[in-house]
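All remarks here apply to the structure that follows.
Residue numbers (the numbering used here): 200 to 411.
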């Protein structure tokens with residue numbers, strides 16, 4: 200029996216709905232998310248495979264919550280975790296450095312990245328409004344596009360990523376509280392403190408690496 204285009208994939212929708220309704224999925228997201236950031240603060244390369252787990256779980260959670268920009272963001276996270284894993288192992292580094300050092304983002308790069316983020320926020324919000332039943336499209340698109348930038352800077356090991364993550368974490372905490380995603384609200388609330396800790400740890404790493 201043929202299905203109309205509006206029918207979608209009912210079996211897939213049912214599976215994802217049932218999985219996302221289970222609180223243990225949010226629990227896995229909470230634990231893997233915290234572990235991922237803790238490893239990132241310590242500049243431990245295992246942050247990336249743990250981040251992959253977090254991203255995959257979050258895709259299912261946000262599908263159920265109709266936060267489609269966040270869903271797309273976490274699909275992007277899957278690819279960026281793979282890229283970050285590769286770059287931290289193989290990226291450009293001084294010949295005498297065993298690990299990729301923490302650096303600053305360049306002024307030119309920061310400028311074009313800021314323009315892309317602002318334009319991306321407006322475009323994404325309009326797409327969500329016109330083509331989906333998304334809740335909170337402007338807030339959702341803001342956290343999404345800023346997270347794109349923060350994740351890219353994280354993979355490149357640029358210390359300014361922590362400033363952007365702090366902004367995202369504060370905004371996301373409010374969104375998830377409003378949507379009733381309690382585990383994720385708790386997770387992002389903790390992320391706020393971890394963003395401060397991450398900036399401090401990476402800053403100390405940069406100071407130690409500076410020549411006397």
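Virtual Cβ for every residue (Gly too), placed ideally from N, Cα, C. On a predicted model such as this, the values are computed, not experimentally measured, just so you know.
Paired residues, beta bridge with residue i - DSSP
i	result
residue 246	Answer is none; residue 246 lacks a bridge partner.
residue 323	According to DSSP, residue 323 bridges with nothing at all.
residue 302	357
Nearest candidate by alpha-carbon position, reference residue i, set the options
i	options	result
residue 372	355, 391, 357	391
residue 344	354, 260, 313	313
residue 317	389, 404, 284, 342	342
residue 388	233, 224, 227, 321	233
residue 286	229, 356, 267	356
residue 227	319, 249, 326	249
residue 377	252, 243, 223, 266	266
residue 352	282, 322, 382, 400	282
residue 284	251, 269, 262	251
residue 332	280, 289, 264	264
residue 253	235, 243, 244	235
residue 256	223, 243, 319, 288	223
residue 229	386, 408, 407	386
Residue i in three-state terms, based on DSSP
i	result
residue 331	coil
residue 404	helix
residue 289	helix
residue 379	coil
residue 222	helix
residue 266	coil
residue 307	helix
residue 204	Confidence in residue 204 is poor, its pLDDT being 48 and thus under 50, which makes the residue's placement too unreliable to answer from.
Through-space distance from residue j to residue i, alpha-carbon basis
i	j	result
residue 241	residue 367	21 Å
residue 329	residue 405	45 Å
residue 246	residue 225	19 Å
residue 370	residue 231	21 Å
residue 327	residue 305	32 Å
residue 260	residue 365	22 Å
residue 383	residue 277	18 Å
residue 381	residue 349	23 Å
residue 321	residue 269	15 Å
residue 374	residue 324	15 Å
residue 238	residue 400	12 Å
residue 346	residue 279	11 Å
residue 262	residue 315	25 Å
residue 258	residue 354	20 Å
residue 289	residue 379	41 Å
residue 319	residue 403	33 Å
residue 244	residue 407	20 Å
Cβ contact (3+ pairs, closer than 8 Å) linking the stretch 390-402 and the stretch 351-365
yes
Measuring CB atoms only, is the stretch 297-310 touching the stretch 320-337, in the sense that at least three cross pairs come out at less than 8 Å?
no
Decide yes or no for the touch test of the stretch 268-283 against the stretch 301-320: beta carbon pairs closer than 8 Å, at least 3 of them.
no
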